[in-house]
Each structure stands twice: as structure tokens, then as C-alpha cells.
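Presented below is the structure to which this report refers.
Numbering (my numbering), first residue to last: 3 to 154.
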């Protein structure tokens with residue numbers, strides 16, 4: 003994964019956090035991110051995909067999360083909630099990105115922004131979502147690889 007895409011995810015977490023906490027208009031928040039030059043090292047197009055995609059699919063994302071979390075989605079720490087929503091969005095919509103990359107990025111975001119130990123919670127939830135939503139991909143990853151015969 004490119005650093006620009008990782009930076010886009012970081013900015014999307016911050017923007018979604020702000021949206022969750024303030025209910026502010028998405029366009030206003032996005033404009034602020036551009037004006038303040040927060041996106042200068044980020045892949046701007048991917049930031050936009052995530053930042054607009056999560057709210058557009060919020061009902062589906064939160065319904066998916068509800069199955070695997072131990073409390074109502076609105077009661078999850080707001081940072082963890084933003085990270086989880088991005089991860090679930092990607093697991094559902096970005097089949098071009100391997101599920102392990104999505105989980106690793108989510109864990110890194112939780113380590114970067116979240117409380118101590120929040121990355122473990124994020125890892126567990128995203129892994130469960132991946133097991134259900136990406137059945138073929140995750141089952142392929144579980145199969146032991148056949149050992150290649152050694153050449154003489």
C-alpha cells in the first residue's frame with residue numbers, strides 16, 4: 003500500500019471523527035481539510051472515496067458492525083468507530099484491496115489515533131467482518147500450502 007493511500011486513510015479518520023462529533027456538513031469538513039493543507043501528502047481521490055463513501059453507506063456499515071461488536075455502534079469510542087467504519091467500508095466495497103491489508107491499515111490507524119489497546123479491538127472486529135464478507139479470500143488464506151518437492 004502506498005504511503006499516500008495510508009495518509010488518505012489517516013485524514014479520513016480525522017474527518018469522519020469530526021463529522022461524528024459535530025454533525026457538520028461533509029462538504030464543509032472536506033473544504034477545511036483542503037484549505038488547511040492536511041491532504042498534501044495524501045491521495046486526495048482516495049480520501050474523498052472514504053470520506054463520502056462511509057456516510058453514504060452508514061446504515062449498511064453499522065449493520066455489519068452490529069453483528070460483531072459488544073455494544074451499540076454509537077457507544078464505541080469515536081476514534082475506534084471511525085477506524086472500524088473505514089475498515090468495514092473497504093472490506094465491503096474495495097475488493098481490489100486484500101483483506102489483510104485493510105485489517106493491517108485499520109490496526110495501524112488504531113495504534114496511531116486510538117487509546118492503548120484499541121488496535122486489538124479493531125483487529126478482532128475487522129477480522130470477524132472479513133471472515134464473513136470475504137469468505138473465499140479468507141478461506142484461501144487459511145489453507146496450508148502444499149510443500150513443493152525439493153529439487154535434487
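The C-beta atom is built at its ideal place from N, Cα and C for all residues, glycine as well.
Report task. In the DSSP assignment, find the alpha helix (DSSP H) that holds residue 33 and state where it starts and stops. Result -> Within the chain shown, the letter at position 31 stands for residue 33. In the DSSP assignment, residue 33 falls within the alpha helix (DSSP H) that extends over 28-37.
Query raised in the report: Between residue 138 and the ligand SAM, is the CB less than 8 Å from at least one heavy atom?
Result: Only the bare structure without any ligand can be found here, which leaves the ligand SAM out of the picture.
Query raised in the report: Which word fits residue 105, buried or exposed, when buried means at least 16 other C-beta atoms lie within 10 angstroms of its C-beta?
Result: One-based indexing of the chain shown puts residue 105 at position 103. Label assigned to residue 105: buried.
Query - Bounding residues of the alpha helix (DSSP H) (the contiguous stretch that carries residue 106) - result: Residue mapping note: residue 106 aligns to position 104 of the chain shown, counting from 1. Per DSSP, the unbroken alpha helix (DSSP H) holding residue 106 starts and ends at 101-115.
Report task. Determine the closest residue to residue 7 out of 143, 44 and 126, with distance taken between C-alpha atoms. Result -> In the chain shown, the residue the question calls residue 7 occupies position 5. When only C-alpha atoms are compared, the closest one is 44.
Requested in this report: Could you say which of 70, 38 and 56 lies nearest to residue 14 if we only look at CA atoms?
Outcome: On the chain shown, position 12 is the one that residue 14 refers to. If we check each option's Cα against that of residue 14, 56 comes out closest.
Query - Nearest candidate by alpha-carbon position, reference residue 125, set 93, 137 and 142 - result: One-based indexing of the chain shown puts residue 125 at position 123. For residue 125, the closest of 93, 137 and 142 by C-alpha to C-alpha distance is 93.
Report task. Counting only the same chain and skipping the five closest in sequence on each side, list residues whose C-beta sits under 8 Å from that of residue 142. Result -> In the chain shown, residue 142 corresponds to position 140, counting from 1. So the list is empty, once near-sequence residues are dropped.
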